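S.K.: A single structure is presented below for examination.
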Amino acid sequence: MASPAKTIQVYRISGYVIGPCEKCGKEERALLMFEDYGMGYECLSCGHSERVDRVEWIDGDKLPPDWGLA
């Protein structure tokens, strides 16, 4: 049986990825494009990166309040 497609939700303008990092658990993930144009995310806290099968785009420019950039 094939594993389900890995999907992330991303704010279109900021590139903020909703949800915690699978390695460290912090919610500091950003959209990442690999050299072969595959999509994924990178954790800005621990550096873990992972490819995904699908990106669900969310309109808006939300950033978490503790990022200090909003």
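The opening residue of the sequence shown carries number 1145 in the numbering used here; numbering runs sequentially from there. We treat Cβ as the ideally placed atom computed from N, Cα and C, and that holds for glycine. Everything numeric in this text was worked out from a predicted model, so none of it was measured.
Do you know whose CA, among Val1199, His1192, Met1183 and Glu1179, lies nearest lysine 1167's CA?
M.R.: Indexing the sequence shown from 1 puts residue 1167 at position 23. Measuring from the Cα of lysine 1167, the nearest candidate turns out to be His1192.
S.K.: Which two residues bound the contiguous beta strand (DSSP E) that contains isoleucine 1202?
M.R.: The count along the sequence shown starts at 1 and reaches residue 1202 at position 58. That run of the beta strand (DSSP E) goes 1198-1202.
S.K.: Taking all protein chains shown into account, do 16 or more other C-beta atoms lie within 10 angstroms of the C-beta of tyrosine 1160, making it buried, or fewer, making it exposed?
M.R.: Here residue 1160 is taken as the residue at index 16 of the sequence shown, counted from 1. Buried, by the Cβ-count rule.
S.K.: Considering only residues of the same chain and omitting the five flanking positions on each side of arginine 1195, which have a CB-CB separation below 6 Å?
M.R.: Translated into positions along the sequence shown, residue 1195 becomes position 51. Contacts found: Gly1182 and Gly1184.
S.K.: Is it the case that the Cβ atoms of lysine 1150 and aspartate 1197 are separated by a distance below 8 Å?
M.R.: Along the sequence shown, read from residue 1 onward, the residue named residue 1150 stands at position 6. Along the sequence shown, read from residue 1 onward, the residue named residue 1197 stands at position 53. Yes; because the gap between Cβ atoms is below 8 Å, this pair is in contact.
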